[in-house]
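Reading through the structure tokens given below for one structure.
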Amino acid sequence: MADIFIVDDDIMLQQMLVRQLQSSGHRTDCASTLTEGLQQVLSGKYDIVLLDVQLPDGNGLEYIPRFKNASSSPEVIIITGKGDKDGAEKAIVSGAWGYIEKPHVLKELVLHIARVEQYQKEKNRAEKIPLVLKRDAIIGNSPQLTKCLDRVAEAALSDASVLITGETGTGKELFARAIHENSRRADHNFVTVDCASLPENLIESTLFGYVKGSFTGAENNREGLVQLANGGTLFLDEVGELPLNVQKTFLRVLQEHSYRPIGSTHEKKSDFRVIAATNIDIESSINNGSFRNDLLYRLRALSCALPPLRDRKEDIKPLIRYFLARMWDRSKLDYQGISPDFIEHLTAYDWPGNVRELQQTLERVVASTVRTPTLFAYHLPEHFRIQQAQAAIHTSPPHHSSPEVSQTPEELIPLPWSEYKNNYERQYIYDLMRHTNGNITVACQISHLSRARLYQLREKHGLLDPS
Ligand SMILES: Nc1ncnc2c1ncn2[C@@H]1O[C@H](COP(=O)(O)OP(=O)(O)OP(=O)(O)O)[C@@H](O)[C@H]1O
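Mapping of the sequence shown onto my numbering: position 50 corresponds to residue 59, and the numbering continues sequentially without gaps.
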């Protein structure tokens with residue numbers, strides 16, 4: 010159970026939270042100003058601070074680092090009446106655990122508190138949580154990925170050329186290797202040609218090799234990549250970047266399986282299988298004349314279109330587990346637990362850089378959490394948490410947080426102002442009298458109402474009986 014400090018000048022919300030939290034077994038203390046709250050938190054031993062944003066003596070967001078600096082290292086959860094994207098960003102950047110809008114506070118707080126408790130418990134007690142998930146090199150069971158694996162199997166059985174398409178980082182090279190490794194050529198070389206990074210004047214010599222003396226600097230005969238791939242697979246990565254003149258030469262090589270090294274008068278043979286990959290729309294390259302139709306036809310005897318990660322979100326969780334297990338093993342690190350909110354944040358993200366971006370993100374997380382037994386969303390780079398916090402902001406205008414109003418704001422049709430104010434006033438007096446067990450003196454102290462005014466309001470709302 011946690012020691013929780015609430016800093017909020019909304020007394021009704023304070024009381025509601027106290028009631029709720031105490032009924033769940035937590036201990037609570039409250040303050041209505043930042044100065045008082047900070048003083049108490051710094052001198053106490055609190056696990057969690059629930060912090061309002063607009064307080065009489067300042068903005069709660071500015072105080073997050075100071076609360077977190079308390080010797081008990083509390084986690085700060087922002088509770089705001091007016092959620093906005095900048096505020097959510099500022100809260101996360103300043104180190105807040107979470108950002109909740111008041112109308113949703115009861116619903117969301119329970120989960121946040123449970124996670125903070127687990128996180129803090131583990132921070133104090135190094136604990137090894139086993140998680141071993143060894144899978145083959147291609148991870149994922151989504152129907153889209155399974156379909157692509159079927160294409161791999163089909164391609165592995167044949168010797169036909171394959172064109173693999175897909176956005177950057179979707180696994181085109183991985184799939185090309187899988188085809189090679191499952192094919193009859195597996196014992197020979199898999200040779201990658203990165204068509205995008207080869208300087209144009211070196212493409213031909215790199216692919217086809219040269220003979221001694223054919224140009225300045227050609228001091229010895231040199232085999233090209235096409236020869237290196239003899240018996241194996243030649244993988245043309247980013248094939249869409251191949252210059253037009255090389256496309257023409259290459260088309261002939263594909264047709265004849267023979268080529269001529271630069272400076273040579275003799276044709277040489279190479280028995281290679283070609284797999285090409287591209288992340289550009291090669292059809293439009295054909296339309297604008299930058300790619301040859303006949304070469305595409307040759308390269309695309311079989312094809313495989315890898316779906317982006319955002320279209321197969323069910324693969325994200327197994328990928329996370331696979332990459333993490335691999336990183337922990339490689340670095341000989343203790344295995345870490347994975348909190349559901351960690352997976353949720355990563356699953357909600359769109360992954361423009363696909364699997365590669367996911368892998369790199371996890372590498373960053375692992376490098377920065379070596380001594381942390383469990384990975385929480387809190388450990389993710391800020392842009393994930395900001396996006397999630399911003400996505401959680403509801404577009405409806407925030408309602409003030411009387412207990413009834415706060416729990417079902419979406420269902421409320423705004424009342425006439427006089428009626429709303431009247432209901433609200435009644436709710437306040439009702440809560441006040443319950444909280445004080447009908448003790449007028451204490452109720453006047455809390456509410457700053459005079460005795461006469463309090464009696465008057467009780468009478469007005471039919472609340473003369475404290476029960
Ligand atoms: N389904 C998968 N399972 C496991 N690892 C994967 C998967 N898909 C991709 N990866 C990994 O993601 C990284 C990027 O994959 P790869 O280089 O094959 O992508 P690509 O589509 O060829 O990218 P680019 O177009 O930028 O060259 C690699 O480390 C690869 O091992």
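Note that the Cβ used here is the ideal one computed from N, Cα and C, for glycine as well.
Check                                                                                                                                                                               : Outcome
Touch check for the segment 72-84 and the segment 95-111: three-plus C-beta pairs under 8 Å?                                                                                        : yes
Considering only their Cβ atoms, is the gap separating Val374 from His388 smaller than 7 Å?                                                                                         : yes
Mind checking which residues open and close the beta strand (DSSP E) that includes Arg330?                                                                                          : Premise fails: Arg330 lies in the alpha helix (DSSP H), 325-339, not in any beta strand (DSSP E).
Would you check if the segment 148-157 and the segment 283-290 touch, i.e. whether three or more CB-CB distances between them fall below 8 Å?                                       : no
Anyone know if the C-beta pair for Asp246 and Ala187 falls short of 7 Å?                                                                                                            : no
So what does Ile284 bridge to, in DSSP terms?                                                                                                                                       : Val171, Phe244
Below 6 Å, is the gap between the Cβ of Ile325 and the nearest heavy atom of ligand 1?                                                                                              : no
Does DSSP classify Ser294 as helix, strand or coil?                                                                                                                                 : helix
Have a look at Ile109 and Phe259 and give me their C-alpha separation to the nearest angstrom.                                                                                      : 60 Å
Just the C-alpha distance for Asp38 and Leu355, rounded to the nearest angstrom, thanks.                                                                                            : 35 Å
Which residues have their C-beta within less than 5 Å of a heavy atom of ligand 1, listed in chain order?                                                                           : Ile147, Ile148, Gly149, Thr177, Gly178, Thr179, Gly180, Lys181, Glu182, Leu183, Asn288, Val364, Arg365
Quick check on the burial criterion: 16 or more other C-beta atoms within 10 angstroms. Buried or exposed for Glu265?                                                               : exposed
From what residue to what residue does the beta strand (DSSP E) around Phe351 run?                                                                                                  : Run containing Phe351: none in the beta strand (DSSP E); it sits in the alpha helix (DSSP H), 349-357.
If we ignore side chains and look at the alpha-carbon of each, how far apart do Leu43 and Lys322 end up?                                                                            : 42 Å
How would you call Glu98, buried or exposed, if buried means at least 16 neighbouring beta carbons within 10 angstroms?                                                             : buried
Kindly list the residues whose CB is nearer than 6 Å to the CB of Leu473, restricted to its own chain and excluding five residues on each side of it in sequence; keep chain order. : Arg467
Residues in the same chain with beta-carbon distance under 7 Å from Gln236, minus the five sequence neighbours each way, listed in chain order, please.                             : Gly218, Lys277, Ser279
Could you pull the start and end residues of the beta strand (DSSP E) that Thr370 belongs to?                                                                                       : Looking at the DSSP string, Thr370 is not in any beta strand (DSSP E); the run it does join, the alpha helix (DSSP H), is 363-377.
Run through DSSP, which three-state label would Cys204 get?                                                                                                                         : coil
Tell whether a beta-carbon distance below 7 Å holds between Asp18 and Leu64.                                                                                                        : yes
Using the C-alpha atoms, what's the distance from Glu176 back to Val364?                                                                                                            : 10 Å
Touching or not, the segment 157-165 and the segment 204-220, by the rule of three or more beta carbon pairs under 8 Å?                                                             : no
Quick check on Tyr268: buried or exposed, where buried means 16 or more other Cβ atoms within 10 Å of its Cβ?                                                                       : buried
Between Leu305 and Val200, what straight-line distance do the alpha-carbon atoms span, to the nearest angstrom?                                                                     : 20 Å
How many Å lie between Gly90 and Asn68 at the Cα?                                                                                                                                   : 13 Å
Within the continuous beta strand (DSSP E) that includes Val85, where are the two ends?                                                                                             : 84-89
Excluding the 5 residues flanking Leu458 on each side, which residues of the same chain have their C-beta closer than 8 Å to its C-beta?                                            : Ala452, Leu466
Got a sec, what are the start and stop residues for the alpha helix (DSSP H) Thr258 sits in?                                                                                        : 253-265
Taking Arg394 as part of the alpha helix (DSSP H), name the residues at either end of that continuous run.                                                                          : 391-400
My understanding is that Gln127 touches Thr383, with C-beta atoms under 8 Å, so please give their C-beta distance in whole angstroms.                                               : 7 Å
What are the start and end residues of the beta strand (DSSP E) that includes Ile15?                                                                                                : 12-16
Taking Phe1 and Asp350 to be in contact with their CB atoms under 8 Å, please state how far apart those CB atoms are, rounded to whole angstroms.                                   : No answer is possible for residue 1: it lies beyond the span of the chain, which begins at 10 and ends at 476.
How close, in whole Å, do the beta carbons of Asp338 and Met21 come, if the pair is a contact with beta carbons under 8 Å?                                                          : The pair is not a contact, with the Cβ atoms about 53 Å apart (cut-off 8 Å).
Measure the C-alpha to C-alpha separation of Thr450 and Gly471 and round it to an integer number of angstroms.                                                                      : 19 Å
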